[in-house]
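So the sequence lines, in the order shown, correspond to chains A and B. The numbering of the first sequence is numbering that gives the first Met the number 0, which starts it at 0 and goes up by one. The numbering of the second sequence is numbering that gives the first Met the number 0, which starts it at 0 and goes up by one. Each residue gets a CB set at the ideal place from its N, CA and C atoms; glycine is no exception. See below for the structure under consideration.
Number of protein chains: 2
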Amino acid sequence: MNGNHAQALKEAGMKATPKRLAILEMLEGETAYASPEELWKRMRDRFDRLGLPTVYRNLEELAESGVLSKVIHPNRQLYYYFCSNREHHHHFVCLSCRKVQDIPSCGIEALEREVSKTVGGKVLSHILQLNGLCSGCMENGGMP
Amino acid sequence: MNGNHAQALKEAGMKATPKRLAILEMLEGETAYASPEELWKRMRDRFDRLGLPTVYRNLEELAESGVLSKVIHPNRQLYYYFCSNREHHHHFVCLSCRKVQDIPSCGIEALEREVSKTVGGKVLSHILQLNGLCSGCMENGGMP
DNA sequence: ATTCTAAAACGAAATGATTTTCATTTAGGG
DNA sequence: CCCTAAATGAAAATCATTTCGTTTTAGAAT
Numbered sequence: 000m001n002g003n004h005a006q007a008l009k010e011a012g013m014k015a016t017p018k019r020l021a022i023l024e025m026l027e028g029e030t031a032y033a034s035p036e037e038l039w040k041r042m043r044d045r046f047d048r049l050g051l052p053t054v055y056r057n058l059e060e061l062a063e064s065g066v067l068s069k070v071i072h073p074n075r076q077l078y079y080y081f082c083s084n085r086e087h088h089h090h091f092v093c094l095s096c097r098k099v100q101d102i103p104s105c106g107i108e109a110l111e112r113e114v115s116k117t118v119g120g121k122v123l124s125h126i127l128q129l130n131g132l133c134s135g136c137m138e139n140g141g142m143p
Numbered sequence: 000m001n002g003n004h005a006q007a008l009k010e011a012g013m014k015a016t017p018k019r020l021a022i023l024e025m026l027e028g029e030t031a032y033a034s035p036e037e038l039w040k041r042m043r044d045r046f047d048r049l050g051l052p053t054v055y056r057n058l059e060e061l062a063e064s065g066v067l068s069k070v071i072h073p074n075r076q077l078y079y080y081f082c083s084n085r086e087h088h089h090h091f092v093c094l095s096c097r098k099v100q101d102i103p104s105c106g107i108e109a110l111e112r113e114v115s116k117t118v119g120g121k122v123l124s125h126i127l128q129l130n131g132l133c134s135g136c137m138e139n140g141g142m143p
């Protein structure tokens, strides 16, 4: 499990530092997403010296390399979670308790109904946004 | 058109102030989303006294009441755009030129292919996130 | 048209999450 | 066991967004 994380870090081209491993261990044991500051507070028990920027940096880098996932939250703060599902899928995130649950299928309208049944929760809203480059920008090599 | 906006504001239960109307006029004439600060700078030509907080407040209130839409941007800054389409639909937003385009259908995988064809752009990523309350929180009246 | 009042707008200052800087320490290949 | 690039900490900066207390205004009532 620990070696598992070290392996994942190596594959991501990142050094397996104790703090990175600790972050992954904490998040792997959670069903909920966490904020950088929360993780920092919890990690201070295990490290006498630990800077908040280090937590921010590592979380961002881990998300960048796909080891962690980032939550898009209405309050626009950063949250991260660990998801071992390597298949293409989506998540149902609870704005209240922060639990993250996998969603297998992928059709919005049907999706909301299905979520209500499978996870027993209530979908209040959904965010579907496609990001990319429009045809005009494609022609300009990505410039507006 | 102007009366149209005044009407929309009235329906939203908001006073039709010159600054709100100006915001709607500016955004209606745009195919791209705009940041509060950009709108503020452009509006200063027309108002000798205009606070940036006023722009922020109005944009948020207009989005809250559904007159405007808010963009969820990777850089986590706020952007808004005007969309007159009252039907349920989604948007393709260009991260480069900020153009916002309607997307009629609603199935992700097929969606990305379709977008490539209909808008001629390239989908680099998509955000699909369902927000709501999980079953546990439902039982606790929305508390974790 | 004038008055009235709640809502809206104001500038200045505060906020606070996130980032940057840079000197120091560490992981891990050789 | 060394060496070098990468990682880290502390402090300070950033900067979009929000708050505060006050003044102004839109629009209903007169």
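- Counting every other CB atom within 10 Å of its CB across the protein chains shown gives Phe46 of chain A a total below 16, marking it as exposed.
- Taking all protein chains shown into account, Asn57 of chain B has 16 or more neighbouring C-beta atoms within 10 Å of its C-beta and is therefore buried.
- The C-beta distance from Ile71 of chain B to Ile107 of chain B rounds to 16 Å, too long to fall under 8 Å, and the pair is not in contact.
- For the 7 Å CB-CB criterion, Asn130 of chain B and Leu123 of chain A form a contact.
- The contact set of Lys121 of chain A on chain B, defined by CB atoms closer than 7 Å, consists of Gly131, Leu132 and Met137 in chain order.
- Residue contact with chain B for Ile22 of chain A: absent (no Cβ-Cβ distance below 7 Å to any residue of chain B).
- In the structure shown, Lys121 of chain A falls within a strand segment according to DSSP collapsed to helix, strand and coil.
- A Cβ-Cβ contact shorter than 7 Å links Val99 of chain B with His90 of chain B.
- At a cut-off of 7 Å between beta carbons, Gln6 of chain B makes no contact with chain A.
- Residues of the stretch 88 to 121 of chain B with a C-beta atom less than 8 Å from some C-beta of chain A are His89, His90, Phe91, Val92, Cys93, Leu94, Ser95, Cys96, Arg97, Lys98, Gln100, Ile102, Cys105, Gly106, Ile107, Glu108, Leu110, Glu111, Val114, Val118, Gly119, Gly120 and Lys121, listed in chain order.
- Neighbours of Gly141 of chain A across chain B, judged by C-beta separation under 7 Å: Ser95.
- The beta-carbon distance between Lys14 of chain B and Leu20 of chain B, rounded to whole angstroms, is 10 Å. This is too long to meet the 8 Å contact definition.
- Residue state for Tyr55 of chain A is assigned as helix, using DSSP reduced to three classes.
- For Ser124 of chain A, the C-beta contacts it makes with chain B under 8 Å involve Leu129, Asn130 and Gly131, in order along the chain.
- Rounded to the nearest whole angstrom, the CA to CA distance from Ser34 of chain A to Pro73 of chain B is 17 Å.
- From the listed residues B:Val118, B:Ala109 and B:Met137, the smallest Cα separation to Cys136 of chain A is found for B:Val118.
- Between Ala31 of chain B and Arg85 of chain B, the C-beta gap is not smaller than 7 Å, which leaves the two residues out of contact.
- For Leu23 of chain A, same chain residues with a beta-carbon under 6 Å away, outside a window of 5 residues either side, are His4 in chain order.
- Chain-ordered, the chain A residues with CB closer than 7 Å to the CB of Arg75 of chain B read Arg75.
- Inter-residue distance for Glu10 of chain B and Gly50 of chain B is about 25 Å (C-alpha atoms, whole angstroms).
- Judged by DSSP secondary structure, Cys93 of chain A falls within the beta strand (DSSP E) whose first and last residues are His89 to Cys93.
- A distance below 8 Å between beta-carbons, with the five flanking residues on each side excluded, links Gln76 of chain A to the following residues of its chain, in chain order: Ser34.
- In the DSSP annotation of this structure, the continuous segment of the alpha helix (DSSP H) that includes Lys18 of chain A starts and ends at Pro17 to Glu27.
- In the DSSP assignment, Leu49 of chain A falls outside any beta strand (DSSP E) and carries neither an H nor an E.
- The DSSP-derived three-state label of Leu8 of chain B is helix.
- A direct Cα-to-Cα measurement between Tyr80 of chain B and Arg43 of chain B gives close to 19 Å.
- Bridge pairing for Val99 of chain B: B:Val92 [DSSP].
- Taking the C-beta atoms as reference points, Gly120 of chain B is found nearer than 7 Å to Cys133 of chain A.
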